[in-house]
Amino acid sequence: MEVKTSLLDNMIGVGDMVLLEPLSEDSFLENLRNRFDHNEIYTYIGSVVISMNPYRSLPIYTPDKVEEYRNRNFYELSPHIYALADEAYRSLRDQDKDQCILITGESGAGKTEASKLVMSYVAAVCGKGQEVNKVKEQLLQSNPVLEAFGNAKTVRNDNSSRFGKYMDIEFDFKGDPLGGVISNYLLEKSRVVKQPRGERNFHVFYQLLSGASDDTLKKLKLNRDLSKYNYLSLDSAAVNGLDDAANFRTVRNAMQIVGFMEDEVQSVLELVAAVLKLGNIEFKPESRCNGTDESRIKDKNDLKEMCELLGIEQSVLERAFSYRTVEAKLEKVSTTLNVAQAYYARDALAKNLYSRLFSWLVTRINESIKAQTKSRHKVMGVLDIYGFEIFEDNSFEQFIINYCNEKLQQIFIELTLREEQEEYVREGIEWTNIEYFNNAIICDLIENHQNGILAMLDEECLRPGTVTDETFLDKLNTICAEHQHFESRLSKNSKFLTDHSLPHNCFRIQHYAGKVLYRVEGFVDKNNDLLYRDLSQAMYKATHSLIKQLFPEGNPGKVNLKRPPTAGFQFKASVGTLMRNLQTKNPNYIRCIKPNDKKASHIFTESLVRHQARYLGLMENVRVRRAGYAFRQAYEPCLERYKMLCKRTWPHWRGPAREGVEVLMADLQVPADEFSYGRSKIFIRNPRTLFFLEERRRQCLQDLATLIQKIYRGWKCRSQFLLLKKSQIVVAAWYRRYAQQKKYQKIKSATTVVQSYTRGWQARKLLRELKYQKRCEEAVTTIAAFWHGTQVRREYRKFFRANAGKKIYEFTIQRIMQKYFLGLKSTMPSMSPIEKNWPARPYIFLDGVHTALRRIFHLWRCKKYRSQFTEEKKAVYEEKLEASEIFKDKKALYPSSVSQPFKGDYLEISKNPKYQKLNSAVDEKVLLADVVNKINRANGKGTARIFLLTKKSFVLADQKTGQVKASVPLPDLTSVSVSTQSDGFFALRLKEGSASAIKGDFLLSSEHLIEIITKIHRIGATAADREQLNIDISDEFLVQFKQDKVCVKFIEGAPKNGNSVSCKRKNNRLLEVSVPTSP
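For the sequence shown, the residue numbers in the numbering used here are 506 to 1584.
Right under this line is the structure:
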């Protein structure tokens, strides 16, 4: 059986709010809290994703997660934003349906991060290739650029989007991205000139001052100190976790990837610098002779630098800040500006300059990322826009933002109902009318062409005469007084006359998300959004390459006396275009919620979440989804999930999946009004029915698990028994083999004994026969010999007398020699090689023999003496002999060392636990271990060091800690210098240029100097690949200490410290060693 995961498996709380039972606002919030506490930040409402901002990184966005959700059914896995992105992408790729993903929520809820996750997922699952990867990289890198210029730190969010963004990503028929188009809505340009307490201006200002090089800032005439600029708030300049310098480098790199040229980047930075300079321009009042007040610029330095950046004549811009020209048909009227009007003009120019720069950036990015081919494209739109806003002080910005959210809610309800209706029709389910709150009446209150609030605001802005916010409110009170969703204390509706929660200068609208109180102050000015024509013309005169593109209305040749469209009119048109665009696409919704106002993880503020759930209309969404059927599922996965509940469908159903589901539901006796059969899905009306199926499935799975455990335990016991049986057979076979082997060995042994006795008897019998034969042969030989002797004596008897003298002489000499040798044997001297006594010769003619025998005897006893030596003793005497050759008659210390045996290991380093660490650090056998004094060049004093000698190197180590101070390979040792005196000083001279010679030569002192140098010389003499070590015996020699050579001089004298040798530094180049005079 194939095991598949499901939304319902291991569910924490309820993964889909449509299945929540019972459904209430409290249970809704409790389910969100329960899932949030278990790091489940995503929850469904049907196909809508609710996203809770965790305010920390979670390991749920890895490449493995992307692969897990790739090409999977929406409800197949636990709720995730990747599931929605995959569903939208597959619908676009496989069904050729244009998609849009609407991301809403208030500031800090995670809308921008959600849009990034959607885009990164689509980029990960679509095709690969050099051109495709380039397009994906450009689409992704457009985000850092827009965030730098359009995002800011607010009290609710450190990276709050202060503009609405809609991006259409275009794909080809294979689903590979071709390009994109970005639309921006309602940049909060008032933030450029003023920020609330605890908030910052747009990121780009801080990034430029923190991350730009000193050379760049010098070219832009900027200072890195933020306090120098009036438009930058200082109380929140530094943001924890936000590295403005690093982000600036990221933005520069992103602009390069998107396709900005270097001169375009420089132009953009110059305009940003100009906005900062503009904020430092201040004005002072000045009275004219006619009694009118006019303004003058206090310090013209910032004005001068700004004009140099933009290429504008200083006098032209200065006049534009002081005068305003009004044209009416053929008349021109020039009026002076007072200080307040001058500051208004300055701020208006700053806001317009920045907002137009931002719009140009969006246009420029669109030019780079737009699709190059003109064939029909599939489109996926991603909308990241403000959520519904209810502040303590709500103004014009909140009014049009909430208007946009009303339109989005309207299209959401319409598209959701349409999607439900289409699915019911597609599946052949009877459609029942669903009652819901239609917010079209609220949209009409705001956008009606005749009596709508926006229309009346435009009418009030355009009419002649005195126009104020109060006159606009009076008009609203007159026309909208009877509207059921409009409330004002000054309206004709008497029920609000005593409502003290409603101030006189405010009106209240009952939105779908709740009532919002709007302060009318600033509505007219913000809707007008006027920039004096003098400033536009001054900007157009600039020589800067970008400024003329941003202020085309300043062209004197194309003067348009018609008033520009109001901000409200422009936004209404943009929203209308957006709504028409969204209605042509299949919608996908992500509702973002922030759990607390502290930007902290693991904190769930119920009141805040309840407020957001209300104005996002989440409960309304659940009720719309539950008005028909709460749950629907295709027949195949439904049968696969619940087939174990019926004996007829378990374990395999051979027929069509629908028939299997019908058999299953009939067997479970589920009431017929609780479900309906569609063409490809089963529809379940009540969540209780689904939970009933899940509970039965859970119980059945427990029974199946018990059955599986029983079968497994039986199999395991049988396997164990068979293994024991097999083992017993093997053991019995081996034992029988062993018993037979022992029996065979006994028989073999007995046979061998019998055979040996038989062979012994036969051998003894043969031996007796051979001995008897040999005695016979020996007897015959003896008899023959005697016979032959008798014959020879008879024949030679006649010759005896002739040779008797010679024979007697030879016999006499032979007897004398015999007596001599026997006497020499009895008077032989001792076997000592140093014994010089030798017996006197008895006869002169034995002189040569006597001398030769003495020499031979001496050599023989020397050989006998040497044969008694062990190899170690031989080596000691060889070393003594070599020491004699080196130092005899050359070094006064030598005679005293002759009687001292060469011990070698004076420290017993292999046995002493104190030196165990040092012994393990030396890889080879230690030939000599002794304590020496290392002479310090600075003061001539000695420091105790352990001296170790091996066949390949010598080592100096600290006596207390055993730490190795120096290890020198013997090939790097060129010579050894000693004095002729009775001191123990010696210098080890190292090869120049070797790694060991960096710190210079070693000047040491030891009581066993003769033994140390002899062993070093002996190792060098036995090594075939090394040169003979030079022994320099002199009372004055040079020692190399690092870069300096120092002379060591030995003198005889009476040292101060008794009879010991002393070393004293005379100057930088001389060490003097005083040696006691020999007695």
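We put the CB at the ideal spot given by N, CA and C, even for glycine.
Inset, instruction - Would you give the residue range spanned by the alpha helix (DSSP H) that Lys1369 belongs to? - result: As a working note, residue 1369 is residue 864 in the sequence shown. Residues Asp1352 to Ser1372.
Legend entry - Secondary structure, alpha helix (DSSP H): runs of 4+ residues fully inside the segment 596-641: 616-630
Inset, instruction - Evaluate Tyr1314 with the Cβ neighbour count: other Cβ atoms within 10 Å of its Cβ, from every protein chain shown; 16 or more gives buried, anything less gives exposed. - result: Residue numbering aside, residue 1314 sits at position 809 when the sequence shown is read from its first letter. Exposed.
Legend entry - Assigned secondary structure, Glu446 (DSSP; H/G/I helix, E/B strand, else coil): Examination of residue 446 is not possible in this model, given that the chain is present from 506 through 1584 alone.
Legend entry - Inside the segment 1380-1443 only - alpha helix (DSSP H) runs reaching at least 4 residues: 1399-1403 and 1421-1426
Legend entry - As assigned by DSSP and simplified to three states, the class of Gln1214: Here residue 1214 refers to the residue found at position 709 when the sequence shown is read from its first residue. DSSP places Gln1214 in helix when its eight states are reduced to three.
Legend entry - Nonlocal neighbours in the same chain, by C-beta distance under 8 angstroms from Ile1391, ignoring five residues either side: Your numbering for residue 1391 matches position 886 in the sequence shown. Cβ neighbours of Ile1391 beyond the five flanking positions: Ile1518, Thr1519, His1522 and Ile1536.
Inset, instruction - With a threshold of 16 other CB atoms inside 10 Å of the CB of Ala1210, please say whether the residue is buried or exposed. - result: Here residue 1210 corresponds to residue number 705 of the sequence shown, with the count starting at 1. Classification for Ala1210: exposed.
Legend entry - Phe1459: first and last residue of the uninterrupted beta strand (DSSP E) it sits in: Locating residue 1459 in the sequence shown gives position 954, where the first residue counts as 1. Start and end: Ser1458 to Asp1463.
Inset, instruction - May I ask you to list the residues that DSSP assigns as paired with Val469? - result: Any question about residue 469 goes unanswered here, given that the chain covers just 506 to 1584.
Inset, instruction - Could you work out which residue in Ala590, Pro559 and Ser562 is closest to Glu572 when comparing CA atoms only? - result: The residue you call residue 572 lines up with position 67 of the sequence shown. The option with the nearest alpha carbon to Glu572 is Ala590.
Inset, instruction - Hey, could you find the ends of the alpha helix (DSSP H) His585 is sitting in? - result: Counted from its first residue, the sequence shown places residue 585 at position 80. Premise fails: His585 is in no alpha helix (DSSP H) and is neither H nor E.
Inset, instruction - With DSSP collapsed to three states, give me the class of Met557. - result: Here residue 557 is taken as the residue at index 52 of the sequence shown, counted from 1. Residue state, collapsed to three classes: strand.
Inset, instruction - Note down the Cα distance separating Met1590 from Gly685, rounded to an integer number of angstroms. - result: Residue 1590 is absent from the structure shown; the chain starts at 506 and stops at 1584.
Legend entry - Cutoff 8 angstroms: Gly1467 Cβ touching any chain B Cβ: Considering every chain present, this structure includes no chain B. It has just one protein chain.
Legend entry - Cβ neighbours of Arg1038 in the same chain (closer than 7 angstroms, five flanking residues each side left out): Here residue 1038 corresponds to residue number 533 of the sequence shown, with the count starting at 1. Thr830.
Inset, instruction - In the DSSP assignment, find the unbroken beta strand (DSSP E) run with Pro790 in it and report its ends. - result: Locating residue 790 in the sequence shown gives position 285, where the first residue counts as 1. Where Pro790 is concerned, the enclosing beta strand (DSSP E) stretches over Phe788 to Ser792.
Legend entry - Chain-order list of residues whose beta-carbon lies under 8 angstroms from that of Met506 (same chain, five-residue window excluded): Reading the sequence shown from its first residue, position 1 is the one you call residue 506. Low confidence applies here, because Met506 scores a pLDDT of 34, under 50, leaving its location unreliable; read the following figure in that light. Taken in chain order, the residues that qualify are Pro1156.
Legend entry - Proximal residues to Phe788 (C-beta, below 7 angstroms), its chain only, five neighbours per side dropped: Your numbering for residue 788 matches position 283 in the sequence shown. The residues are Ser800, Arg801, Ile802, Lys803, Val844, Ala847 and Tyr848.
Legend entry - Residue from Leu1121, Tyr1262 and Tyr1411 whose Cα sits closest to the Cα of Gln914: Mapped onto the sequence shown, residue 914 falls at position 409. Nearest option by C-alpha distance: Leu1121.
Inset, instruction - Indicate whether the contact test is met: 3 or more Cβ pairs, each with one atom in the segment 1439-1446 and one in the segment 1400-1408, closer than 8 angstroms. - result: no
Inset, instruction - Compute the Euclidean distance between the alpha carbons of Cys1143 and Arg1193, then round it to the nearest angstrom. - result: Position 638 of the sequence shown, counted from the first residue, corresponds to residue 1143. Position 688 of the sequence shown, counted from the first residue, corresponds to residue 1193. So the two alpha carbons sit approximately 16 angstroms from each other.
Inset, instruction - With a threshold of 16 other CB atoms inside 10 Å of the CB of Gln700, please say whether the residue is buried or exposed. - result: Indexing the sequence shown from 1 puts residue 700 at position 195. So Gln700 ends up on the buried side.
Inset, instruction - Determine, using beta carbons only, whether Val627 and Tyr594 come nearer to each other than 8 angstroms. - result: As a working note, residue 627 is residue 122 in the sequence shown. As a working note, residue 594 is residue 89 in the sequence shown. Cβ distance < 8 angstroms, so Val627 and Tyr594 count as in contact.
Inset, instruction - Could you pull the start and end residues of the alpha helix (DSSP H) that Ala845 belongs to? - result: Locating residue 845 in the sequence shown gives position 340, where the first residue counts as 1. Segment Val844 to Ile874, the alpha helix (DSSP H) holding Ala845.
Inset, instruction - Could you pull out every residue in the same chain whose Cβ sits closer than 7 angstroms to the Cβ of Asn857, ignoring the five residues on either side in sequence? - result: Position 352 of the sequence shown, counting from 1, holds the residue named residue 857. Cβ neighbours of Asn857 beyond the five flanking positions: Leu1036.
Inset, instruction - Please state whether DSSP places Lys1571 in a helix, a strand or coil. - result: Residue 1571 sits at position 1066 when you count from the first residue of the sequence shown. Looking at Lys1571 - three-state DSSP - the assignment turns out to be strand.
Legend entry - Alpha-carbon spacing of Leu524 relative to Leu1212, whole angstroms: Here the question's residue 524 lines up with position 19 in the sequence shown. Here the question's residue 1212 lines up with position 707 in the sequence shown. Cα-Cα distance, rounded: 31 angstroms.
Legend entry - Secondary structure of Asp1034, DSSP reduced to three states: Translated into the one-based positions of the sequence shown, residue 1034 becomes position 529. Three-state DSSP puts Asp1034 in coil, outside helix and strand.
Legend entry - Best match in Phe1012, Arg968 and Arg1360 for proximity to Asn1342 [C-alpha to C-alpha]: Here the question's residue 1342 lines up with position 837 in the sequence shown. Ranking Phe1012, Arg968 and Arg1360 by Cα distance to Asn1342 puts Arg1360 first.
Inset, instruction - Report yes or no: do three or more beta-carbon pairs, one from the segment 1048-1061 and one from the segment 1022-1031, lie closer than 8 angstroms? - result: no
Inset, instruction - Spell out the partners DSSP gives Asn1091 in its beta bridges. - result: Position 586 of the sequence shown, counted from the start, is the residue given in the question as residue 1091. Gln604, per the DSSP bridge assignment.
Inset, instruction - Give me the Cα-Cα distance between Tyr1420 and Val1469, rounded to the nearest whole angstrom. - result: The residue labelled residue 1420 in the question sits at position 915 within the sequence shown. The residue labelled residue 1469 in the question sits at position 964 within the sequence shown. Going by the C-alpha atoms only, they are around 11 angstroms apart.
Inset, instruction - Using alpha carbons as the reference points, say which of Gly1081, Ala1255, Pro1100 and Ile674 lies closest to Gly613. - result: Locating residue 613 in the sequence shown gives position 108, counting from the first residue. The candidate whose alpha carbon is nearest that of Gly613 is Pro1100.
Inset, instruction - Measure the C-alpha to C-alpha separation of Arg757 and Val867 and round it to an integer number of angstroms. - result: Numbered from 1 along the sequence shown, position 252 holds the residue referred to as residue 757. Numbered from 1 along the sequence shown, position 362 holds the residue referred to as residue 867. Distance between the alpha carbons of Arg757 and Val867 is about 16 angstroms.
Inset, instruction - Would you kindly report the start and end of the unbroken alpha helix (DSSP H) that includes Gln819? - result: Here residue 819 refers to the residue found at position 314 when the sequence shown is read from its first residue. That run of the alpha helix (DSSP H) goes Gln819 to Ala825.
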